[in-house]
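Residue numbers (our numbering): 107 to 198.
Backbone N, C-alpha and C fix where the C-beta goes; we use that ideal spot for every residue, glycine too.
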């Protein structure tokens, strides 16, 4: 296999080809920059999703604790009412 130089190729053709290759290189660099940015955003979103999941989990725990505290407070109020009724009529 041998390479033959086509005499019809001019410096203009060569310059155009080199310019196109440079343009492709610049575009490829831009594409890789965009891909890097998208990957960084994806990582940030995943990190935030993890934080949101932890916050939601903690919120569920706090809600369960609030419900339990309300139930216990109601029991205490019921006990206080029962004690008042019991001792209001007691001899002094």
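| Asked | Found |
| --- | --- |
| Straight-line Cα distance separating residue 135 from residue 129 | 10 Å |
| Euclidean distance between Cα positions of residue 163 and residue 148 | 22 Å |
| Alpha carbon of residue 168 to alpha carbon of residue 156, nearest angstrom | 18 Å |
| Distance, residue 166 Cα to residue 182 Cα | 24 Å |
| Distance between residue 125 and residue 141 (C-alpha atoms, nearest Å) | 24 Å |
| DSSP state of residue 111 mapped onto helix, strand, coil | coil |
| Spatial distance of residue 127 from residue 117 (CA atoms) | 15 Å |
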